[in-house]
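Going line by line, the protein sequences match chains F and H. Just so you know, we're using the working numbering here: the first sequence kicks off at 1 and counts up by one. Just so you know, we're using the working numbering here: the second sequence kicks off at 262 and counts up by one. In this text, a Cβ means the ideal position worked out from N, Cα and C, and glycines have one as well. Keep in mind it's a predicted model, so treat the numbers as computed, not measured. Right, one structure below, let's go through it.
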Amino acid sequence: MYLTEVRSLIASGRFPKLGSIVTYMNKTLTAVATLAIATVSSTLLGAEITGKVTLTGTPPPEREITPIKADAKCGAAHTAPVMTRSFVKGDGDGLANVWVYVTEGLPAGKTYEVPKSKPVVDQVGCMYEPFVSAVMAGQPFAVKNSDPFMHNVNAMAKLNKGFNFAQSTQGQENEKTFDKAENVKFVCNVHPWMSGYVRVFENPFFAVTDKDGKFTISGDLPDGKYTVEAEHLKAGKVTGTVEVKGGKATLALSLAVPAAK
Amino acid sequence: MPTGHQDNKWLYRYAVFAACCTLLLVCVGGMVTSKGVGMAVPDWPTTYGYNMFLFPFSKMIGGIFWEHLHRLKASGVGLLTLGLAAWIFFFESRNWVKKLGFAAAGMVIIQGVLGGLRVMMDKEVVANTTLGTVFGLVHACTGQAFFVLMCVLAFALSPAWARFSEAEKSREQGARRLRWLIPVATVAVFIQLALGAAMRHQHSGLAVPDFPMAYGQVWPATDAESLLRYNQRRADTEIITAFQIWLHMFHRLNACVVALLIGLVAVTARKLSGAAAPVRKAAFLWAGLVVLQFSLGIVTVLYDKPADIATAHVAVGALTLALGGLLICGSRLLLSPWVPLRNPEDALSKPAKWVVNPG
Numbered sequence: 001m002y003l004t005e006v007r008s009l010i011a012s013g014r015f016p017k018l019g020s021i022v023t024y025m026n027k028t029l030t031a032v033a034t035l036a037i038a039t040v041s042s043t044l045l046g047a048e049i050t051g052k053v054t055l056t057g058t059p060p061p062e063r064e065i066t067p068i069k070a071d072a073k074c075g076a077a078h079t080a081p082v083m084t085r086s087f088v089k090g091d092g093d094g095l096a097n098v099w100v101y102v103t104e105g106l107p108a109g110k111t112y113e114v115p116k117s118k119p120v121v122d123q124v125g126c127m128y129e130p131f132v133s134a135v136m137a138g139q140p141f142a143v144k145n146s147d148p149f150m151h152n153v154n155a156m157a158k159l160n161k162g163f164n165f166a167q168s169t170q171g172q173e174n175e176k177t178f179d180k181a182e183n184v185k186f187v188c189n190v191h192p193w194m195s196g197y198v199r200v201f202e203n204p205f206f207a208v209t210d211k212d213g214k215f216t217i218s219g220d221l222p223d224g225k226y227t228v229e230a231e232h233l234k235a236g237k238v239t240g241t242v243e244v245k246g247g248k249a250t251l252a253l254s255l256a257v258p259a260a261k
Numbered sequence: 262m263p264t265g266h267q268d269n270k271w272l273y274r275y276a277v278f279a280a281c282c283t284l285l286l287v288c289v290g291g292m293v294t295s296k297g298v299g300m301a302v303p304d305w306p307t308t309y310g311y312n313m314f315l316f317p318f319s320k321m322i323g324g325i326f327w328e329h330l331h332r333l334k335a336s337g338v339g340l341l342t343l344g345l346a347a348w349i350f351f352f353e354s355r356n357w358v359k360k361l362g363f364a365a366a367g368m369v370i371i372q373g374v375l376g377g378l379r380v381m382m383d384k385e386v387v388a389n390t391t392l393g394t395v396f397g398l399v400h401a402c403t404g405q406a407f408f409v410l411m412c413v414l415a416f417a418l419s420p421a422w423a424r425f426s427e428a429e430k431s432r433e434q435g436a437r438r439l440r441w442l443i444p445v446a447t448v449a450v451f452i453q454l455a456l457g458a459a460m461r462h463q464h465s466g467l468a469v470p471d472f473p474m475a476y477g478q479v480w481p482a483t484d485a486e487s488l489l490r491y492n493q494r495r496a497d498t499e500i501i502t503a504f505q506i507w508l509h510m511f512h513r514l515n516a517c518v519v520a521l522l523i524g525l526v527a528v529t530a531r532k533l534s535g536a537a538a539p540v541r542k543a544a545f546l547w548a549g550l551v552v553l554q555f556s557l558g559i560v561t562v563l564y565d566k567p568a569d570i571a572t573a574h575v576a577v578g579a580l581t582l583a584l585g586g587l588l589i590c591g592s593r594l595l596l597s598p599w600v601p602l603r604n605p606e607d608a609l610s611k612p613a614k615w616v617v618n619p620g
C-alpha cells in the first residue's frame, strides 16, 4: 500500500528521486563539514597568511662555483655547473629564499609553543640544502650529511652558542637547537664555498619562500591586522600589512634590485 | 750596536734555513686564510682527536690539508727555533744575540699557543666579537714579527754583520735622516700588515671589488642605503658591512703612506756610497718590493682574490717588513747619527769638535 503510494508520487513527479536526495544530503553535509572545519581550524589550528614575494629589476648574473669542479669528490656529485644562489627567481618573478615573518600585531606578552616539525639542514653534493631555512628559538633541527665523505659543520653564531663538528659518515644526523633570535651562517671549512643560513625567530609566525616565491605563514593568529616583513640576504627588506579575516589573508610583497650601471 | 761576532758559518746557514722555513710557514698560513679554511680542524692540539703527528694523510682532504700542514710546519719551525736558540746559547759569544735567540724561542712558543687559542676560542663571543678572530689577528701579527726576528738573527750571525760592524759609519748626505726614516717606514709597513691581517680575518679582501675607484667613488659611502646597493650588485653571497669597507679602504690608504715613506727612503739613500752602499741597494730593493706588493694587491682585487696571488701578497708583505728590520740594523751599523759634512774639505781645514774622522 505504502510502496504503491510512493511509486505513484514518483510517477507523478511530486516526490524527488532517490539519487537527488543523496546528492542533496551530500551537499548539505559538505557545507556543514566545511563550516565546522573552518570554525575548528580558526579556533584550534589558527590562521594562514599566504602570498608571494617577487623581485623586480635585473640582479647580477649568478657565477659558477668553480672550486667544486676542482674537488674530485664534490665534482663527481654534479653533472652540470653549480652556480651561486644569490638571487633564485622562479615563475612570475617569484624570489626564493626569502624569510617572511610577522613583526607587529601579535598579542603582547603571549608565548607560543615550539613547532612540532624538525627542519633538516642537509649537505648534498658539497652544497647546503636548503640554502636558507628558519626555525623558532628552542625548535630542534637536524644537520645531516648526505655525502659519502666528510664535512665540518661550523655554525658561526654570535648570540647563540656556535658549534663546529665533523660529520664523517653518509647519512649522519645531529640534532641542534638555538635559543635566541639570530641569523646563523653555516659554513664547511673543508669545502669553503659551502655556506647556508639558519634564521632563528622568537615566534612561530615565519616562512621561507619556495622556488616560486610563495609562502605560507600558519598558526595561532587571531583575526586582525599584522605587519609582515620579507627579508632576502641580498635584496634587502620590504614591509607590508595584512588583515586576517576568518583565518585567511593573502599578501604580495616586492623587492627590487637597481639596474647595473 | 754591540759587536763580537764569532765566525760560525754553519750556525749562520742554520739560521738562514730557519728564517726561510719561517717564510714558508707564513705562506702556508696565508693559504689557510686565503682559502678560508682556518676552522677546517676544530680541535687543538689534536687533529680530529688524533695526535697531530699521527693524523692519516688520507684524511687530509680539502681545507684540512692546508690547516694541518700549517700545524705540522709550525711544529717544525718551533723545533728549528729552539735548536737555534740552544746553538746560539752554547756557541755565540755576544750576549745580546743570546737574548735574541731566547726571545725567538719564547716567541715561537707564544705563537703556537696563539694559533691554538684561535681555534679553541672560535665559539667564544665577547661584545659581539669572536675571540677566535681576535686571537687569529694577533697570531698573524706575531707571525710577521717573528719572521723579522728570525731574519735579524740570521743577519746578526752572518759574516756581513761583522764586516758592517767594523766599517766606518757614513756621514754622507741623508745618512742621519735615514736612521729615523727607515724605522718610521718599517712601523708603517707593520701597521699595513696588521691591517692586512685584520682584512683577512674579517673577510674584507674583496669588500671593495674595484680599483682604483671604490664602488665608483674615491671613498665609498657606507650608509645603509649604499651598503644595500653594493650588496645587491655583488655577485657573491657574502654580505659586506661598513666595517669591512673601512678596513679595506684604510689598507689602501696606508699602502700609499708606506709607498711614500719607502720611496722617500730610496730617494734619500740614492747617493750613499762606499761602506754605506749596502743600505742604498737594500733601500732600492725595498722600493722594488713595494712596487711588486702594490701590483699583487691590485691583482688580488681585480681577479677575485685568487688564493695563490693573495698568498704571494702576504709573503711579499712579510719580506717587506723583514727587509725593514734588516735595514734598521744596517742603518745603525753603517750610518752615522751625526750631522753630515756639507763640505768635507772645509772640515779638513777647520776641524770642528764633532768631526771625528773627516776622511
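With distances taken from CA atoms, which of the options is nearest residue i?
| i | options | result |
| --- | --- | --- |
| Q505(H) | A496(H), M460(H) and L514(H) | M460(H) |
| S86(F) | K384(H), A583(H) and T498(H) | T498(H) |
| R531(H) | L521(H), A520(H) and A543(H) | A543(H) |
| R332(H) | I349(H), L285(H) and L361(H) | L285(H) |
| L626(H) | T502(H), G393(H) and V552(H) | Since the first residue shown for chain H is 262 and the last is 620, residue 626(H) is missing from the structure and cannot be characterised. |
| T111(F) | H232(F), A235(F), K248(F) and F201(F) | F201(F) |
| Q463(H) | V395(H), W348(H) and Q493(H) | V395(H) |
| F141(F) | K116(F), A230(F), R63(F) and N164(F) | K116(F) |
| F215(F) | G224(F), E231(F) and N154(F) | E231(F) |
| V277(H) | A346(H), V386(H) and M411(H) | M411(H) |
| K334(H) | A280(H), K320(H) and G367(H) | A280(H) |
| M321(H) | L251(F), L221(F) and H151(F) | H151(F) |
| G246(F) | P192(F), G224(F) and E229(F) | G224(F) |
| K270(H) | L340(H), V289(H), I349(H) and L456(H) | I349(H) |
| G219(F) | P192(F), A249(F), T241(F) and P148(F) | A249(F) |
| V243(H) | Y275(H), A301(H) and A527(H) | Because chain H is modelled from 262 through 620, residue 243(H) falls outside the range shown and cannot be assessed. |
| G236(H) | F472(H), F416(H) and Y476(H) | Residue 236(H) lies beyond the range of chain H shown here (262 to 620); nothing can be said about it. |
| Q123(F) | P148(F), D93(F) and E182(F) | P148(F) |
Determine the burial state of residue i: buried for a count of at least 16 other Cβ atoms within 10 Å of its Cβ, exposed for fewer.
| i | result |
| --- | --- |
| M127(F) | buried |
| K185(F) | buried |
| M83(F) | exposed |
| G404(H) | buried |
| G299(H) | buried |
| L414(H) | buried |
| S354(H) | exposed |
| D383(H) | buried |
| N312(H) | exposed |
| D676(H) | A question about residue 676(H) goes unanswered here, because the residues of chain H that appear run from 262 up to 620. |
| T66(F) | exposed |
| V552(H) | exposed |
| M194(F) | buried |
| I37(F) | At I37(F) the pLDDT is 47, less than 50, meaning the model places this residue with poor confidence; the figure from the coordinates comes in the next sentence. Answer is exposed; the Cβ neighbour count stays below 16. |
| S556(H) | exposed |
| E328(H) | buried |
| T241(F) | exposed |
| R274(H) | exposed |
| P130(F) | buried |
Would you kindly check if the distance between the Cβ of residue j and the Cβ of residue i is under 8 Å?
| i | j | result |
| --- | --- | --- |
| G323(H) | V114(F) | no |
| V102(F) | G196(F) | no |
| A537(H) | S426(H) | no |
| E584(H) | L546(H) | The identity of residue 584(H) in the sequence shown is Leu, whereas the question assumes Glu. Yes, the pair counts as a contact, with Cβ atoms nearer than the cut-off. |
| F178(F) | V135(F) | yes |
| P598(H) | R438(H) | no |
| L221(F) | F205(F) | yes |
| L55(F) | L106(F) | no |
| C402(H) | A458(H) | yes |
| K211(F) | G125(F) | no |
| L398(H) | G578(H) | no |
| C288(H) | V518(H) | no |
Subject >> Residues from the region 44-73 of chain F in contact with chain H, defined by Cβ distance under 8 Å >> reply: P59, P60, P61, E62, R63, D71 and K73
Original post:
For the 8 Å Cβ check, are there 3 or more pairs between the region 461-478 of chain H and the region 561-580 of chain H?
Top reply: yes
Subject >> Residues, ordered as in the chain, of the region 189-210 of chain F that lie near chain H by beta-carbon distance below 7 Å >> reply: N189, V190, H191, P192 and S195
Original post:
Are the region 288-306 of chain H and the region 250-259 of chain F touching by the rule of at least three beta carbon pairs closer than 8 Å?
Top reply: no
**OP:** Mind the definition here: the region 168-177 of chain F touches the region 233-242 of chain F only if three or more C-beta pairs lie below 8 Å; say whether that holds.
**Re:** no
Original post:
So, do the region 156-169 of chain F and the region 48-67 of chain F have three or more beta carbon pairs nearer to each other than 8 Å?
Top reply: no
**OP:** Quick one: which residues of the region 470-491 of chain H get their C-beta closer than 8 Å to a C-beta of chain F? List them in chain order.
**Re:** G477, L489 and R490
Subject >> Cβ-based contacts, 8 Å cut-off: residues of the region 374-397 of chain H near chain F >> reply: D383, K384, V386, N389 and T391
Subject >> Residues within the region 163-176 of chain F neighbouring chain H, beta-carbon criterion of under 9 Å >> reply: F163, N164, F165, A166 and S168
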